[in-house]
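*Asks:* Each residue of the sequence shown is one higher than the last, beginning at 14 in the numbering used here.
Just so you know, even glycine gets a beta-carbon here, dropped at the ideal spot from N, CA and C.
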Amino acid sequence: MTYENLLLTEENNILLVTFNREKALNALNRRTMLEINHLFSNDLPQRTHLKGIILTGAGDRAFVAGADIKEFLEMEGDLGRQMAQYGQDTFFLIERFPKPVVAAVNGFALGGGCELAMACHLRVAGEKARFGQPEVNLGIIPGYGGTQRLTQLIGKGKALEFCMTADMIDAPEAYRLGLVNYVVPAGEEVNMAKKLIEKTASKGPIAIAKVIESVNAFFEDGVDGFACEIKAFGETTNTLDFREGATAFIEKRVANFAGK
Ligand code: CO8
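1. I want to check one thing, is the minimum distance from the CB of A37 to the heavy atoms of the ligand CO8 below 6 Å?
2. Per DSSP, T22 forms a beta bridge with which residues?
3. Using a threshold of 7 Å, state whether the C-beta atoms of F76 and G126 are closer than that.
4. Would you mind reading off the limits of the beta strand (DSSP E) that contains R143?
5. Kindly indicate which residue of R162, T249, G139, T164 has the alpha-carbon position closest to the one of A199.
6. Rank T250, I153, V196 by C-alpha distance to the C-alpha of G120 and give the top, closest one.
7. Do the CB positions of A184 and I67 come within less than 7 Å of each other?
8. At a cut of 8 Å, does the region 175–189 reach the region 104–112 through at least three beta carbon pairs?
9. From A259 to E174, what distance separates their C-alpha atoms?
10. Would the beta-carbon of A78 fall within 7 Å of that of L129?
11. Unbroken alpha helix (DSSP H) runs of length 4 or more, entirely within the region 20–105: which are they?
12. Assign R162 to one of three DSSP states: helix, strand, or coil.
13. Would A245 pass as a contact of K223 if the rule is Cβ separation under 7 Å?
14. Classify Q146 as buried or exposed, calling it buried when 16 or more other Cβ atoms lie within 10 Å of its own Cβ.
15. Kindly list the residues whose CB is nearer than 7 Å to the CB of A219, restricted to its own chain and excluding five residues on each side of it in sequence; keep chain order.
16. Would A116 and C133 qualify as a contact pair, given that the criterion is a beta-carbon distance under 7 Å?
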């Protein structure tokens, strides 16, 4: 697939994905959703050398200002439900991706943009970032997982307030609520995201994948997270990485993980 709305740049085995519709504040139109889906389902699994992925927005105003409202009036009959299903399936690809995915939130993260950031494993907010779920202003509700991931991240009371009032919050408030992991000066979001990925890249890659899988298991319907952790733990103890990590500790040297 040729990417029209995603700009991909790779440096030091970290892929930077930039939502590149600056004039529309990087709003997620259908084409962009297709591209994100293709990227995570077809393209990234083949880029086995990557340490992690960073998502950010073009320009200095927006990460992503939501789903593209200009395409909304087409939604009639069953189409709205189908689009929400496709978006949720797509964002699950991000959440379940076995390598760290970090949102570098450089401006507005509204509606689907806030939902996209929440599907990432970690979130770094620039000090100009603004978060909100303004869907009720349009007479709809979040559809890309917002009611669920917001409740997971900040709790029911604040999630309800956020989604019912459509109020925007700034980066320090997002940090206080646990919506983002770090707040950094504007323009430093991607650098901080890179540092986080470099930190995880020095660990056992299978262990990192199993952490993602096990933490996600807490929120998966019908999955026993504790049982998932036991299974995943057992799997990590049968890796060469585990032999290397434990041996390196005993030999007082830095571990050199092969991801096997
Ligand atoms: N969709 C399409 N275009 C957008 C969007 C958007 N979400 N946000 C901004 N734009 C466009 C504007 O239309 C404008 O374009 P133009 O110059 O052609 O008129 C340009 O970006 C700049 O925007 P503004 O002039 O409005 O800039 P301001 O600085 O005045 O305001 C705001 C910035 C506050 C971010 C404002 O643009 C705004 O409120 N945007 C809408 C935010 C919003 O409501 N987002 C949620 C959308 S709903 C959603 O995301 C649901 C997700 C689940 C969907 C499931 C099925 C599809």
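*Replies:* Let me lay it out:
1. Flag set: Cβ of A37 near the ligand CO8.
2. Per DSSP, L29.
3. It is a contact, given that the beta carbons lie within the stated cut-off.
4. That run of the beta strand (DSSP E) goes 143–145.
5. Restricting attention to R162, T249, G139, T164, the CA atom closest to the CA of A199 is found in G139.
6. Nearest of T250, I153, V196 to G120, Cα basis: V196.
7. Contact: no.
8. Segments in contact, no.
9. Their Cα atoms are separated by approximately 47 Å.
10. No, these two residues do not count as a Cβ contact at 7 Å.
11. Runs found: 43–51.
12. Per DSSP, reduced to three states, the secondary structure at R162 is helical.
13. Here A245 is near K223, since their CB atoms are less than 7 Å apart.
14. Flag for Q146 reads buried.
15. A small fix is needed here, since residue 219 is Ile in this sequence, not Ala. Excluding sequence neighbours, I219 sits near T249, T252, D254, G272.
16. Result yes, Cβ atoms of A116 and C133 sit closer than 7 Å.
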